[in-house]
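Here's the structure we're looking at; comments come further down.
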């Protein structure tokens with residue numbers, strides 16, 4: 060599958076790699092509006108809308124895994140089965156752009172978010188940031204990677220993936236000590252609308268990942284009373 064959409068690729072060395080993953084029955088093109096906004100905000104980033112490898116079950120777009128006769132148990136297995144190809148695509152773009160985990164952000168919508176979240180917690184050293192929009196975990200993680208910052212966003216009117224999955228995930232991640240930012244948009248559905256994009260850009264620009272704080276504190280050394 061080669062129908063990936065290159066939204067932006069700087070002439071020199073990319074400072075960041077932003078990989079966008081669409082939902083079921085959609086295409087890479089559907090992620091273009093978000094990709095263009097990210098490219099404008101981060102001109103030194105390589106921004107790619109990734110195409111899922113399989114045709115959609117119902118004759119539209121593409122998908123990361125089938126939803127036919129889907130149960131919670133089957134979802135976990137199908138996500139696991141889809142992970143090698145998903146991971147290979149990430150590694151391919153990292154190699155092409157000369158970027159590593161610290162520079163890589165996985166940004167997924169719906170089924171693409173499910174894959175991105177699962178990747179972050181089962182494939183260590185792949186990414187430093189994950190954005191889940193209208194998504195959920197296939198299964199809640201048992202441990203948190205302190206090197207990964209998660210941005211969970213969901214429309215409260217989402218009729219496809221209930222926003223409660225994001226609320227539950229956020230509470231669970233906080234209890235694990237994860238670095239997480241969660242937002243529920245009151246009037247949004249299963250979509251990436253302008254309000255959500257504006258909020259995401261604000262969160263990406265204003266939230267300092269916990270690992271950055273820790274690195275800065277480590278460089279400064281211990282605080283000595285009276286200094």
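Numbering (our numbering), first residue to last: 60 to 286.
Ideal Cβ positions, reconstructed from N, Cα and C, are used throughout, including at glycine.
Note that the structure is a prediction, hence the values are computed from the model and not measured.
Item	Value
Where residue 224 sits in the DSSP three-state scheme	helix
Cβ neighbour criterion (16 or more within 10 Å) applied to residue 137	buried
Span of the beta strand (DSSP E) around residue 66	64-67
Residue of 84, 246, 108 and 74 minimising C-alpha distance to residue 117	84
Integer-rounded CB distance, given that residue 184 should sit under 8 Å from residue 167	At roughly 19 Å, the Cβ-Cβ gap does not stay under 8 Å, so residue 167 and residue 184 are not in contact.
Identified DSSP bridge partners for residue 210	190 and 240
Separation of residue 90 from residue 111, as counted between CA atoms	12 Å
Closest by C-alpha distance to residue 245, when choosing among 237, 236 and 258	258
Helix, strand or coil at residue 163 [DSSP, three-state]	strand
Segment contact flag, the stretch 151-161 with the stretch 117-136, C-beta cutoff 8 Å, min 3 pairs	no
For residue 109 and residue 94, believed in contact at Cβ under 8 Å, the rounded distance	Actually they are not in contact, since the Cβ atoms of residue 94 and residue 109 sit about 10 Å apart, beyond 8 Å.
Residue 79 - containing beta strand (DSSP E), residue span	75-80
Assigned secondary structure, residue 122 (DSSP; H/G/I helix, E/B strand, else coil)	strand
Residue 162 to residue 187 span [Cα, whole Å]	7 Å
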